[in-house]
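Here is the structure we will look at, set down as structure tokens.
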Amino acid sequence: MAFRRTRPPQPLAPHGIPGHLVEFVEALRGQGISVGPSETVDAGRVMSVLGLLNREQLREGIACAVLRRPDHRETYDAMFDLWFPAALGAKTVLDDDEDAEDSPEGLPPEDVDAMRQALLDLLENNEDLANLDERLQRMIAQIVEAHGRYNSSRGPSYSSYQALKAMNLDDLEGRLLAGLLAPYGDEPTPTQEQIAKAMAAQRINQLRRMVEAETKRRTAEQLGRDHVQMYGVPQLAENVEFLRASGEQLRQMQRVVKPLARTLATRLAARRRRSRRGEIDMRKTLRKSMSTGGVPIDVVLKKPHPARPELVVLCDVSGSVAGFSHFTLMLVHALRQQFSRVRVFAFIDTTDEVTELFGPDADLAVAVQRITREAGVYTRDGHSDYGHAFSSFMNTWPNVLSPRSSLLVLGDGRNNYRNPELELLAHMVNSSRHAHWLNPEPRHLWGSGDSAVPRYQDVITMHECRSAKQLASVIDALLPV
Numbered sequence: 003m004a005f006r007r008t009r010p011p012q013p014l015a016p017h018g019i020p021g022h023l024v025e026f027v028e029a030l031r032g033q034g035i036s037v038g039p040s041e042t043v044d045a046g047r048v049m050s051v052l053g054l055l056n057r058e059q060l061r062e063g064i065a066c067a068v069l070r071r072p073d074h075r076e077t078y079d080a081m082f083d084l085w086f087p088a089a090l091g092a093k094t095v096l097d098d099d100e101d102a103e104d105s106p107e108g109l110p111p112e113d114v115d116a117m118r119q120a121l122l123d124l125l126e127n128n129e130d131l132a133n134l135d136e137r138l139q140r141m142i143a144q145i146v147e148a149h150g151r152y153n154s155s156r157g158p159s160y161s162s163y164q165a166l167k168a169m170n171l172d173d174l175e176g177r178l179l180a181g182l183l184a185p186y187g188d189e190p191t192p193t194q195e196q197i198a199k200a201m202a203a204q205r206i207n208q209l210r211r212m213v214e215a216e217t218k219r220r221t222a223e224q225l226g227r228d229h230v231q232m233y234g235v236p237q238l239a240e241n242v243e244f245l246r247a248s249g250e251q252l253r254q255m256q257r258v259v260k261p262l263a264r265t266l267a268t269r270l271a272a273r274r275r276r277s278r279r280g281e282i283d284m285r286k287t288l289r290k291s292m293s294t295g296g297v298p299i300d301v302v303l304k305k306p307h308p309a310r311p312e313l314v315v316l317c318d319v320s321g322s323v324a325g326f327s328h329f330t331l332m333l334v335h336a337l338r339q340q341f342s343r344v345r346v347f348a349f350i351d352t353t354d355e356v357t358e359l360f361g362p363d364a365d366l367a368v369a370v371q372r373i374t375r376e377a378g379v380y381t382r383d384g385h386s387d388y389g390h391a392f393s394s395f396m397n398t399w400p401n402v403l404s405p406r407s408s409l410l411v412l413g414d415g416r417n418n419y420r421n422p423e424l425e426l427l428a429h430m431v432n433s434s435r436h437a438h439w440l441n442p443e444p445r446h447l448w449g450s451g452d453s454a455v456p457r458y459q460d461v462i463t464m465h466e467c468r469s470a471k472q473l474a475s476v477i478d479a480l481l482p483v
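Residues 3 to 483 (the numbering used here) are what the sequence shown spells out, left to right.
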């Protein structure tokens, strides 16, 4: 049997290979991956040496040339699959193929049970799907073509959800697990069972990723790369919005804390070196002018000794902004050496100090989890109450803020229509040397619903911090010199 293409494939590289590489680099920049002219030239040299015959070698070679950070690899791989696809059109099985009837990819698409059994046989007999021959790839292409195709408003498209639903991966994983446990008899040991479960889950996850990759490839051919880039390419961890991030994305964002902290610390050190020029030291200048007949040719400047300020962090840890607060606390903790002292206070409707949870040797992931379990951050209904939090903070720690301290408030300012205690916040701001509020919500939502942000903006400087990249820029601008 054979699957016929609905339309001839469009030219993959209408501007030639050099033009195609330049367009690929521009697409990477559009996703936030910094690729300069020198890296582009290196990528061109890689292509001239490796050629286009081995796609995986080409993938690795260009990655070595253009990537600077390992956490950008997932986004790069998705973009590479779009710009250097494994095939064009449907991966066909020819009618005159001698083994077409016996091969699993030659099964009729309506025979779903036979397809599942063929997939099961392939999964059981191959430990690593990445090194599997093209039989599995062609079978997945057949399933996507038969069960993932649908007609959208923009024309034919493909859905990984429909294809995966037809495959019924839960049932497939159970049958795969049973096959992996069969050699151990009726009573496998707990270790054998655990290993088999891990292997079954790993192979099913690999299969799911292969289906999603095939779906994106076919969708890009029908609707264009731009459509898939918008919805199907994972964002860089530093560009994911805090309030929309999944649990896995938040874990990925935690891995960028240390690189961001190192970058910010380096910038701060450079600014401090540039700011060493102080006021004129009249005594030393006049003494030095004795060698030039009393003419002060060489001016001697005082060396300023800027004191590192204290930092007081007041953060909302309620469910709506917990991810943002936790990430910011990790970033502040990584920058603690830039301050003489850091004190951290958490609140939902009541404030409690959690500084001891963020010691120099503390596990940050554990520390942020302990806040809501061990700290007294709520005493009422568990909904955010900024006004009561400010009141409890000032009543319990009235002398924390001073002219040497910088106040940093973290939260979305959604006060559930309660008293915002503006006068109390104004007193806190006036008691501090600097005061800033970091808000993870988009600016156009400030003031909507129960948001008291417009009223708080009259009292304290507020900054939009929707992603890790935006947060780093704000922190970089606010760090003391």
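Every residue gets a Cβ at the ideal spot worked out from N, C-alpha and C, and that includes glycine.
In this text, all values refer to a predicted model and were calculated from it rather than measured experimentally.
query: Cβ-Cβ distance between Leu-403 and Phe-360 below 8 Å; result: no
query: Burial state of Tyr-163 (16 or more Cβ within 10 Å); result: exposed
query: Beta-carbon proximity list for Arg-227, same chain, < 8 Å, skipping 5 on both sides; result: Ala-29, Leu-84, Trp-85
query: Cut-off 7 Å between Cβ atoms - residues of its own chain near Arg-63, not counting five sequence neighbours on either side; result: At residue 63 the sequence reads Gly, which differs from the Arg that was named. Val-48, Leu-52.
query: Neighbourhood of Ser-433 by C-beta distance below 6 Å, restricted to the same chain and skipping five residues each side; result: Leu-403
query: Identity of the residues DSSP links to Met-284 by a beta bridge; result: None, per the DSSP bridge assignment.
query: Exposed unless 16 or more other CB atoms sit within 10 angstroms - verdict on Ala-391; result: buried
query: Three-state class that DSSP yields for Leu-122 in the structure shown; result: helix
query: Cβ separation of Leu-183 and Pro-192, assumed to be a contact under 8 Å, to the nearest whole Å; result: Their Cβ separation, rounded to whole angstroms, is 12 Å, which puts Leu-183 and Pro-192 out of contact at 8 Å.
query: Proximity winner among Thr-287, Gln-59, His-438, Gly-413, relative to Ser-322 (alpha-carbon distances); result: Gly-413
query: Leu-55 vs Leu-125 beta-carbon contact at 8 Å; result: no
query: Three-state secondary structure (DSSP) of His-22; result: helix
query: Cβ neighbours of Ala-267 in the same chain (closer than 7 Å, five flanking residues each side left out); result: Leu-337, Gln-340
query: Residues bridged to Ala-348 [DSSP beta-bridge criterion]; result: Cys-317, Asp-354
query: Beta-carbon proximity list for Thr-221, same chain, < 6 Å, skipping 5 on both sides; result: Ser-159, Tyr-160, Val-230
query: Backbone secondary structure at Ala-102 - three-state DSSP; result: Confidence in Ala-102 is poor, its pLDDT being 45 and thus under 50, which makes the residue's placement too unreliable to answer from.
query: Local Cβ density within 10 Å of Ala-4, reported as buried at 16 or more and exposed below that; result: Caution applies to Ala-4, whose pLDDT of 44 falls short of 50 and renders its modelled position unreliable; the model cannot decide the point.
query: Touching by the beta-carbon criterion (3+ pairs, under 8 Å), the stretch 448 to 455 and the stretch 472 to 482; result: no
query: Straight-line gap, Ser-394 to Ala-324 (C-alpha atoms, nearest Å); result: 20 Å
query: N-terminal and C-terminal residue of the beta strand (DSSP E) that Val-411 is part of; result: 407 to 412
query: Cα-Cα separation, Ala-102 to Arg-264; result: Note that Ala-102 scores a pLDDT of 45, beneath 50, so its modelled location is shaky; the value from the coordinates is reported in the next line. One C-alpha to the other measures close to 58 Å.
query: Test item: CB-CB of Phe-244 and Phe-347 under 8 Å; result: no
query: Beta-carbon spacing of Ala-88, Arg-57 below 8 Å; result: yes
query: Opposing strand residues paired with Ala-198 [DSSP bridges]; result: None; Ala-198 has no bridge partner.
query: The stretch 420 to 435 touching the stretch 461 to 470, judged by at least three CB pairs closer than 8 Å; result: yes
query: Separation of His-438 from Glu-466, as counted between CA atoms; result: 11 Å
query: heavy atom of the ligand ATP below 7 Å from Val-379 C-beta; result: For the ligand ATP, the structure offers nothing, since it holds no ligand at all.
query: Whole-angstrom C-beta distance between Ala-165 and Val-213, which should lie under 8 Å; result: 5 Å
query: Counted within 10 angstroms of its Cβ, other Cβ atoms place Tyr-186 as buried (16 or more) or exposed; result: exposed
query: Residue range of the alpha helix (DSSP H) that includes Glu-250; result: 249 to 256
query: Whole alpha helix (DSSP H) elements within the stretch 375 to 456, 4-residue minimum; result: 388 to 398, 424 to 433
query: Beta carbon of Ser-407 nearer than 8 Å to that of Arg-435; result: yes
query: Glu-466, enclosing beta strand (DSSP E) - first and last residue; result: 463 to 466
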